[in-house]
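Chains as they are written, first to last, in the numbering used here: chain H, 335 to 598; chain V, 10 to 448; chain U, 721 to 999; chain Y, 10 to 397. Beta carbons are placed, not taken as given, at the ideal position from N, Cα and C, and that holds for glycine. Here the structure is a predicted model, which is why all the values come from computation and not from measurement. Step one of this worksheet: look at the structure below.
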Amino acid sequence: MNNGKIVAGIDAGHLNTKAVLIKDGRILSYAKAPTACDVLAATQNVLNEALKNAGVSPDRLSGMYITGVFRNMVETRTLNVGGTVPEYIADAKGALFLDNKARTVIDIGGNVHMAISFDESGNVLDVIENDKCAEGLGIFYRNMAKVLGVTEEELSELALRATKRVSVAIQCRLSAESEAIDLMCQGVEIEDIADAIARFIADRVAAMCTYVALRKKVVVAGGLAKSQAVIKHLQNMIKEEVSVGDLPEYVGAIGAAVSYGGAK
Amino acid sequence: MAYSLKVWGSFKNYQNTCYRNYLYASKGLRVIGSTWSPLSPLKGLGNDIFLMGGEPHCASKAGTLPEEAREDIVGAEIGGLGFHSCSYLKLFIGEILRDKVGITDGTIKEGYPIPDLIWTTHLCSQHSKWYQEVSRRLGGIPMYAIDMVGGGAAEKDVKIVNYVSDQIEAGIDWLERVTGRDFSDELFVKAVRNEIKVLVLWGNICALNMHSPAPLDERRLIALFPPAIVDRTTDESVKLYESLLKEVQEMVKTGQSVTPDQRYRIVYFGIAHTYGHPEMARILRDAGAEIVASVYTFGTCGNFRGIVNGKWTWEPIDPHWVDGLDLSTRRKAIMELVKIVLGWPTWQGVRSYWAIEEMAKAMVREYKADGLLLAPSRGCETDFRNGYIALQRIFRKEIPTVEYDSDQVDVRKMDLPGAKRKTELLVQLMEARKKGNAR
Amino acid sequence: MSELGSMNKQMDWKKANVIVAGVDVGSVTTKVLILVEGQVYAWSQVRTIAPKESVFNAINEVRYQTGLELQNIQYVVATGRGSTQVTFAQRTMSEISCAVAGALRIWGSSVRTILDAGGDSCKVIHCTDKGRVTDFLWSDKCATGIGRSMETFADLVKKEVTEIGDIALQSDQFPKLSDFCVVYAQSEALDLIRSKVPLKQVIAAYHYAMAKRISTLVARSGVKKDFVIIGGLAKNPGIINWLESILKVSRLAPKPEVDPTLIAALGAALFADAFYRRQ
Amino acid sequence: MVKKESDAIIEKFRSIIENVTEYGKSLHEKGRVLAGYMCTHIPEEILYAAGIVPIRILTSHESQAMTRSYIHETYCSFSHDCAYQGLRRNYDYLDLIVTGSSCIHMGEAFNVWVRFAGFHEKSYLIQYPHIIHTKPATGFMVESFGQFKEFLQKFTGRPISDEDIEEAISIYNTNRRLLKRLWEFLRSDKPPLTGLEAATVTLASQVMDKQECNGMLEQLIKKVGTERARERSGVRLLLTGGSCDDLRIFELIENLADRSTIIFIDSCTAARYFWFEVPEGRSNKLEALAEGYVGRIPCPAKDNVPGTGEKKRFRLIKQFIEDFRPHGVIFIYQRFCSPQPMDVVGLKPLLLRLGIPFVDLELDTTIPIAQFRAQLDALVEIIKKVVP
């Protein structure tokens with residue numbers, strides 16, 4: 335890392351934009367805000383917040399690197415953008431930065447999810463992305479929390495207290511949402527429905543992971559990694575130990591900063 | 010400098026003439042049916058038989074008139090067809106329900122030309138049902154469907170060859186009864202020889218893409234094979250493909266290609282033409298990545314040596330072998346024709362997972378591929394979609410492999426944003442591998 | 721959608737001798753409607769969470785406004801997806817028959833086709849002038865959740881679900897999105913934003929796609945005059961505008977006195993009224 | 010109230026379906042050789058003649074995404090669920106699995122068992138013709154059955170004589186006649202049993218050893234005819250469509266707001282399995298089998314009358330409607346099924362002409378019971394001409 339210099343990594347995702355400041359291999363601060371389809375404003379907002387949290391003035395920033403699905407919308411003159419990084423490269427670099435024994439990262443993002451295997455220096459070996467019907471797991475989780483009348487954290491706690499095994503449609507988030515409500519209308523306990531929801535997400539991600547050779551140590555990134563219920567189900571489906579750092583949704587942003595815009 | 014084919018114009022005009030003859034025929038017989046049926050039995054009825062085929066008509070219409078095609082598919086759904094039925098089928102029946110047909114030269118004819126009879130095959134369980142629906146909607150058109158059985162090395166299985174030959178023999182009697190015409194074995198045998206010759210010639214043309222640079226790319230190939238699909242029984246079609254073979258052989262001698270910048274050679278498995286979408290094409294072109302081989306364009310109407318002691322090879326069959334074929338009796342001609350059609354890669358791969366994998370391994374080996382692009386179609390019941398899942402497992406370790414999530418002609422089911430991401434991913438993985446090997 | 725409800729001040733249920741209720745437990749909202757002497761007296765609408773809880777909240781909302789207790793209601797008919805969860809209902813009726821009963825009461829007996837564009841599924845219902853259902857078409861699984869996903873889409877573009885309908889009318893030039901299912905449409909809408917298409921056009925494109933999918937269902941089952949639209953999407957001008965232009969048939973104007981999402985609950989109450997009088 | 014014997018027998022049939030594994034293992038412990046099948050296009054008589062008990066592989070209706078990395082996701086959920094049974098090794102006690110080539114979805118489910126569930130050496134694919142009503146097709150079928158017989162003789166290590174096949178044909182025909190008589194009770198306006206019970210028994214017969222099943226069926230038919238009260242059937246509903254082994258659907262249809270009874274099910278998990286007979290006493294046994302199997306109610310994947318493209322099953326459905334006099338028809342077919350919707354689009358105009366209301370239920374691994382209840386209640390309300 336260029337010593338003494340502060341680098342910013344931004345991950346402009348479908349749902350949320352995340353920013354992280356790194357100095358001498360140490361994370362100074364991080365911030366998150368909904369993308370809300372105004373990527374420029376969201377990026378500006380999270381960057382200022384991260385700077386405020388770190389008590390650093392903008393001019394001490396030596397460079398800024400962008401990743402995420404909306405990365406091409408941030409290349410403007412007003413922000414001195416050093417470069418953009420494809421998501422799977424940022425995820426690989428970020429996961430390695432947080433845990434140097436990591437060799438595979440499963441990123442369950444707001445809309446798109448993917449699994450990336452990489453070598454010890456973070457070079458991407460293989461990538462698999464979700465197919466169309468499996469899109470929007472983050473949106474699904476948030477919707478189901480609203481339908482059950484709980485917060486996303488409570489949804490995970492509910493799922494962990496489930497007793498009976500019920501299941502919802504596996505095809506797409508809308509069939510699953512519809513059948514979760516159907517189960518509610520049949521008088522099924524909320525806990526069991528929450529468990530079915532977590533299992534649906536883990537099932538879909540696990541099915542995708544069978545295409546890549548999951549190299550030990552598997553790390554999970556993205557907003558949904560914070561749901562213990564999803565992680566519990568994912569682990570016994572892919573039959574692999576997975577670890578979740580304390581900043582799972584910032585892995586992309588960290589990777590962007592760490593890779594210094596190494597890619598194109 | 011990118012080479013441009015001299016025969017291109019005559020190919021386009023042959024295909025358009027066939028379609029126009031069908032649309033505006035005032036006499037003779039209009040026959041529709043699947044692309045995958047042996048066409049020569051129809052030509053025993055005379056020279057005034059006008060054909061339109063099924064799938065490539067839908068594919069080319071969706072290419073030339075995308076808005077019309079989209080309304081056709083929705084029209085079929087309004088007509089009650091299933092939302093997950095085959096999108097070729099829905100486009101075809103949509104044209105009937107909306108009472109207008111569009112063809113590759115852009116003309117849209119109001120008033121659906123009613124076919125006199127339907128001559129088709131049972132490939133997937135959608136296929137014969139497609140034309141049963143057409144027959145019912147148009148008031149009961151006589152229809153004959155051949156059960157081709159298919160499967161790996163089917164042309165070497167005497168039981169299947171006899172079964173399909175018996176059906177064609179019974180089919181010829183049916184044709185005579187339905188049309189009231191006498192069947193001319195002489196016309197039939199001439200048509201059989203032409204049909205087999207064109208199929209073998211197309212195999213030879215495709216095999217030339219093994220060279221580097223490959224003379225043709227998938228975009229040209231997919232535009233050059235429809236004439237062989239619509240009507241490959243005429244002397245004119247044989248001349249067409251002989252002239253194309255000569256020209257491509259010349260290109261190989263002089264190292265010419267329609268896409269000279271071929272830094273990466275891609276093998277393509279899929280019916281959907283998602284690679285042809287502007288954005289995807291741009292990403293591939295900028296990276297110098299060209300599709301040099303594809304199972305659909307090679308295998309839908311092309312013959313190769315196929316399974317030679319357990320292994321598949323895309324090596325071509327010598328065209329002169331066709332001239333020596335003994336077609337002296339009707340039964341012999343039928344059996345040779347059946348063996349050739351059962352030899353098509355698509356027929357073999359549809360019902361045998363091991364055959365599709367052998368074909369893929371051979372294609373990646375013989376065409377020296379740097380990347381494998383898979384495009385399963387959501388609406389297509391066969392399209393070896395499970396083969397693609399198995400192919401991913403086999404090839405991911407060897408060469409960069411990416412799978413689109415697409416559909417034949419229903420643009421609503423094509424994941425274009427995902428395809429953009431995955432095309433960029435394929436190019437980056439191929440670049441990384443080339444750099445990795447170089448290191 | 722906050723707790724909503726209102727009552728007709730001129731009426732006093734204490735003097736009435738026939739008080740019935742219709743309870744419609746939908747997949748997005750739960751509605752209770754009280755009929756006093758066959759007239760709409762009060763109604764309430766709450767968000768559906770666990771059905772039993774939402775029904776309890778809806779009844780409480782009516783109690784706050786009118787002082788009416790459950791035991792004062794002589795006959796209750798439940799309808800909607802969670803109808804079996806309404807334990808105090810004497811009978812359940814399908815939302816198809818209730819939609820017809822309610823629609824004919826509001827728009828009169830000239831109605832022949834009703835589109836119930838609800839939260840989870842769309843239903844196209846045909847009926848006679850007497851309110852008898854002749855046939856109906858229920859949307860297939862790939863058209864699930866069009867109504868409910870309006871809220872998700874509104875979140876994605878950070879607008880209120882009540883305003884996106886009007887914004888959608890502001891542009892008639894927009895790229896075409898996939899109109900096969902909500903997941904495809906929303907994912908392509910996000911991609912339009914990525915390729916810097918103005919937000920107004922993206923909202924219009926999404927509304928056109930959803931209207932096109934619903935119109936395919938309506939056309940598939942046939943439209944006979946007069947045509948009315950009920951359910952949540954009836955309040956979205958964007959969807960209604962494109963539906964009418966694609967189907968080339970215009971619906972009867974909505975009646976202000978009853979919200980289109982309450983028609984099924986009204987129908988259930990009318991059935992309750994009829995069953996009670998027949999007892 | 011003393012438990013009626015017929016209830017006990019039906020209860021036994023039901024317990025067999027609920028834990029097929031237990032039943033299968035019990036046969037295995039008795040030293041019986043077991044062959045599993047997923048699609049009913051197989052000549053079970055040849056298996057039975059070789060001393061092998063055919064058992065139909067039923068699904069668990071447990072939603073999972075594991076099979077999405079083996080079979081494409083737009084394949085019907087029945088094929089996914091059958092493949093899942095193999096991957097979960099739920100049927101490892103089977104000695105063999107057999108299938109006839111029919112629709113491609115079920116072919117792929119079979120392939121998953123062969124390639125990934127350890128049945129590569131213990132599997133056989135019968136090349137069954139697709140367009141079955143032609144003369145060449147019967148010849149091809151006889152040849153395929155012959156090859157199947159050769160394979161079984163090598164597999165079991167003992168010859169299969171014509172007498173063995175004739176005996177198997179008569180056992181199977183008895184089973185078919187008994188099942189037919191069971192369903193014929195439902196023709197009357199006051200049937201002594203419900204469609205759910207008949208469906209449960211039919212489904213169980215597909216996993217049982219036929220001789221044991223025939224014994225129980227004879228006993229059941231005697232008892233049902235005598236000891237049971239005959240109640241009005243209420244709304245009579247005919248089901249037609251794809252394979253459906255989810256008893257919850259039949260239970261739902263018979264527990265609606267108003268009294269309703271299932272009076273016929275045209276599906277390969279019901280009538281299409283047994284509504285035919287194989288001619289007995291013929292010298293060429295394989296030809297007799299081919300003639301019998303061509304005479305079945307055709308599956309939509311194999312229904313194409315040569316020369317006209319007409320669908321033979323439509324004529325048979327008209328016949329069932331006349332015999333069983335349903336008030337309403339329920340289409341049950343798997344989401345993503347390819348052949349079924351192409352028949353449904355042809356059957357609907359026929360029902361409109363007959364003035365019979367209908368509803369579509371789109372099946373999947375898991376089913377939205379509350380939504381189906383609303384659709385079925387609506388159908389019953391249409392039939393009863395409910396008006397406010």
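| query | Residue ranges of each beta strand (DSSP E) run of no fewer than 3 residues wholly in the segment 776-817 of chain U, ordered along the chain? | reply | Residue ranges of uninterrupted beta strand (DSSP E) with 3 or more members, entirely inside the segment 776-817 of chain U and ordered along the chain, are 795-799.
| request: Could you name the residues of the same chain whose beta carbon sits closer than 6 angstroms to that of V/Gln-357, not counting the 5 residues immediately before and after it, in chain order? | output: Gly-161 and Ala-364
| query | Does V/Arg-405 have its Cβ less than 8 angstroms from a Cβ in chain H? | reply | yes
| said: Between U/Phe-947 and chain Y, is any beta-carbon pair separated by less than 8 angstroms? | reply: Interface criterion not met: the Cβ of U/Phe-947 is under 8 angstroms from no Cβ in chain Y.
| query | Among H/Glu-525, H/Glu-486 and H/Glu-421, which has the Cα closest to the Cα of H/Thr-401? | reply | H/Glu-421
| query | When we look at the beta-carbon of V/His-136 and count the other beta-carbons within 10 Å, is it buried (16 or more) or exposed? | reply | buried
| beta strand (DSSP E) segment containing H/Thr-438, residue limits | 438-442
| query | Three or more beta-carbon pairs under 8 angstroms between the segment 268-276 of chain Y and the segment 204-219 of chain Y, yes or no? | reply | yes
| field | At least three beta-carbon pairs within less than 8 angstroms, the segment 57-77 of chain V to the segment 259-267 of chain V | value | no
| message | Assuming the contact rule is C-beta atoms closer than 8 angstroms, V/Cys-27 and V/Leu-48 should be a hit. Round their C-beta distance to whole Å, please. | response | Actually they do not touch by this definition, with Cβ atoms about 11 angstroms apart.
| field | For Y/Glu-53 and Y/Gln-220, the rounded distance between their alpha carbons | value | 13 angstroms
| query | Under a three-way DSSP split, which group does H/Asp-516 fall into? | reply | helix
| said: For chain Y, check one thing: does any of its Cβ atoms lie closer than 8 angstroms to the Cβ of H/Glu-540? | reply: Checking the displayed sequence, the identity of residue 540 of chain H turns out to be Ala instead of Glu. Closer than 8 angstroms: yes.
| For V/Gly-149, which option in Y/Pro-366, Y/Gln-343, Y/Gln-349 and Y/Gly-318 has the closest C-alpha, if you only look at C-alpha atoms? | When each option's Cα is compared against that of V/Gly-149, the closest is Y/Gly-318.
| Helix, strand or coil at V/Phe-307 according to DSSP, with G and I counted as helix | helix
| task | Compute the distance between the beta-carbons of Y/Ala-44 and Y/Ile-174, then report whether it is under 8 angstroms. | result | no
| DSSP on V/Ile-326, reduced to helix/strand/coil? | coil
| request: Indicate whether the contact test is met: 3 or more Cβ pairs, each with one atom in the segment 793-800 of chain U and one in the segment 808-816 of chain U, closer than 8 angstroms. | output: yes
| Within chain U, the residues that V/Phe-20 reaches when beta carbons sit closer than 7 angstroms | In chain order: nothing, as chain U lies at least about 32 angstroms away.
| query | Leaving out five residues before and five after U/Val-756 in sequence, what residues of the same chain have Cβ atoms less than 6 angstroms from its Cβ? | reply | Met-731, Trp-733, Ala-736 and Ile-739
| Using a Cβ-Cβ cut-off of 6 angstroms (strictly less than) and excluding sequence neighbours within five positions of H/Ser-501, which residues of its own chain qualify? | Ala-530
| task | Determine the DSSP secondary structure at U/Gly-725, reduced to helix, strand or coil. | result | strand
| Environment of Y/Glu-27 [buried if 16+ CB atoms lie within 10 Å] | exposed
| query | Going by the beta-carbon positions, is the gap between U/Pro-771 and U/Gln-805 smaller than 8 angstroms? | reply | yes
| task | Please confirm whether Y/Leu-261 and Y/Arg-344 have their CB atoms less than 8 angstroms apart. | result | no
| For V/Ile-280, which residues does DSSP report across the bridge? | Per DSSP, none; premise fails for V/Ile-280.
| request: Identify the contact partners of U/Asp-840 in chain H, using a Cβ-Cβ distance below 7 angstroms as the criterion. | output: Ser-512 and Ile-515
| Proximity below 8 angstroms, CB of V/Leu-54 to CB of V/Arg-190 | V/Leu-54 is a Cβ neighbour of V/Arg-190, given a cutoff of 8 angstroms.
| message | So, at 7 angstroms on beta carbons, what are the nonlocal neighbours of V/Ala-11 in its own chain, with the 5 sequence-adjacent residues on each side left out? | response | Val-267, Thr-268 and Pro-269
| Should the segment 940-948 of chain U be regarded as contacting the segment 829-839 of chain U, the criterion being three or more beta carbon pairs within less than 8 angstroms? | yes
| C-beta atoms of H/Ala-353 and H/Ala-365 nearer than 8 angstroms | yes
| query | CB-CB under 8 angstroms to Y/Leu-96, same chain, minus the five flanking residues each way: which ones, in chain order? | reply | Met-75, Thr-76, Tyr-79, Val-121, Phe-125 and Ala-126
| query | Should the segment 175-187 of chain V be called in touch with the segment 199-213 of chain V, which here means at least 3 C-beta pairs below 8 angstroms? | reply | no
| Residues of chain V with a CB under 8 angstroms from the CB of U/Thr-936: which are they? | Val-83, Glu-86 and Ile-87, listed in chain order.
| query | Is the beta carbon of V/Leu-196 sitting closer than 8 angstroms to the one on V/Lys-377? | reply | no
| V/Gly-53 CB to nearest chain H CB: under 8 angstroms? | no
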